[in-house]
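The structure appears right after this line, and notes come after that.
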Amino acid sequence: IAMAFFHGQPQLAVIYGATPAVGVNEIATTLVGPIGLVLTIIGVVICPITTGDTALRAARITVADGFKLDQKTFMSRLKIALPLFIISFGLTFIDFSLIWRYMAWAQLFIAVAVLLAATVYLIENKKHFIITFAPAIVCLVIAIAYILQAPEGLRLDSFVANLISVIITAIFSVYFIFKYRKPSKDLNEA
Numbered sequence: 196i197a198m199a200f201f202h203g204q205p206q207l208a209v210i211y212g213a214t215p216a217v218g219v220n221e222i223a224t225t226l227v228g229p230i231g232l233v234l235t236i237i238g239v240v241i242c243p244i245t246t247g248d249t250a251l252r253a254a255r256i257t258v259a260d261g262f263k264l265d266q267k268t269f270m271s272r273l274k275i276a277l278p279l280f281i282i283s284f285g286l287t288f289i290d291f292s293l294i295w296r297y298m299a300w301a302q303l304f305i306a307v308a309v310l311l312a313a314t315v316y317l318i319e320n321k322k323h324f325i326i327t328f329a330p331a332i333v334c335l336v337i338a339i340a341y342i343l344q345a346p347e348g349l350r351l352d353s354f355v356a357n358l359i360s361v362i363i364t365a366i367f368s369v370y371f372i373f374k375y376r377k378p379s380k381d382l383n384e385a
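Put into structure tokens, the structure is as follows:
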């Protein structure tokens, strides 16, 4: 919406030079008026707070399950939650855009893993696996290229990073296909 509203990337960069809140405020006020602005504030402020609460609860439960820790008493929950709160508080002193880029990159690799798991399932059930394999490969190229050339990555030249990414992905793709794709006895099978 922001790209269309501000008529392109250069104008968007100017408005976001102030803060993202300025852009959100301008779009919400213009498109949906004062009532919509209130709803936007709820969506932009309140929802992330509840999402953060849920994320911390999920992290506590994951740690407890992983280490087989008791969670019946308040103190046992606090022993796990307090270090998580401290780590979370520490993260507030780091540039959020950096954390956001790392999280986006990690989520892209998670997407690759899920798509590849789905691909294995489709191969094993003799279904058309290309529907999950192709997006996995595209995501893998992007994820590798990004970390090779990003400022928070290896900072390689974009041509070199993209070339390395394509080569690594091609080698991985061939390996993956040979490992999981069994020769079909029947030409009509997927």
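Under the numbering used here, the letters of the sequence shown match residues 196 to 385, in that order. Just so it is clear, CB atoms sit at the ideal spot from N, CA and C, and this is done for glycine as well.
Could you give the first and the last residue of the continuous alpha helix (DSSP H) run that contains residue i?
i             : result
lysine 321    : Looking at the DSSP string, lysine 321 is not in any alpha helix (DSSP H), and its letter there is neither H nor E.
leucine 349   : Element bounds for leucine 349: n/a, residue is neither H nor E.
threonine 246 : 242-261
glutamine 344 : 325-344
leucine 279   : 269-286
Taking only the alpha-carbon atoms, compute the straight-line gap between residue i and residue j and give it to the nearest angstrom.
i                 : j                 : result
leucine 279       : isoleucine 241    : 21 Å
leucine 317       : alanine 306       : 16 Å
leucine 382       : isoleucine 359    : Here leucine 382 scores only 45 on pLDDT, less than 50, and its place in the model should not be relied on; the value that follows carries that caveat. Those two C-alpha atoms are separated by around 36 Å.
serine 271        : leucine 310       : 37 Å
isoleucine 366    : phenylalanine 284 : 41 Å
proline 229       : threonine 245     : 23 Å
alanine 301       : isoleucine 325    : 23 Å
lysine 322        : threonine 224     : 49 Å
phenylalanine 194 : isoleucine 363    : This structure does not reach residue 194, given that the chain is present from 196 up to 385, and the question cannot be answered.
leucine 251       : isoleucine 281    : 11 Å
tyrosine 375      : asparagine 320    : 12 Å
valine 217        : lysine 263        : 46 Å
Mind checking if residue i is an interface residue toward chain D, Cβ cutoff 9 Å exclusive?
i           : result
alanine 306 : Annotation note: the requested chain D is absent from the structure, which comprises a single protein chain.
Which word fits residue i, buried or exposed, when buried means at least 16 other C-beta atoms lie within 10 angstroms of its C-beta?
i                 : result
glutamine 344     : buried
phenylalanine 328 : buried
glycine 238       : exposed
isoleucine 289    : exposed
valine 219        : buried
alanine 146       : Residue 146 cannot be examined here, being either before or after the span of the chain that is shown, 196 to 385.
threonine 287     : exposed
threonine 314     : buried
arginine 350      : exposed
alanine 299       : exposed
isoleucine 294    : exposed
alanine 253       : exposed
alanine 199       : exposed
Using 8 Å as the cut-off, can you tell me whether the segment 333-348 makes contact with the segment 292-306, which would need three or more C-beta pairs spanning the two stretches below that distance? With contact defined as three or more Cβ pairs closer than 8 Å, the segment 333-348 and the segment 292-306 are in contact.
Can you confirm whether the segment 268-285 touches the segment 248-259 when touching is taken to mean that 3 or more C-beta pairs between the two stretches lie within less than 8 Å? Short answer: they touch.
Which runs of the beta strand (DSSP E), 3 residues or longer, sit entirely within the segment 287-321? Entirely contained in the segment 287-321, not one beta strand (DSSP E) run reaches 3 residues.
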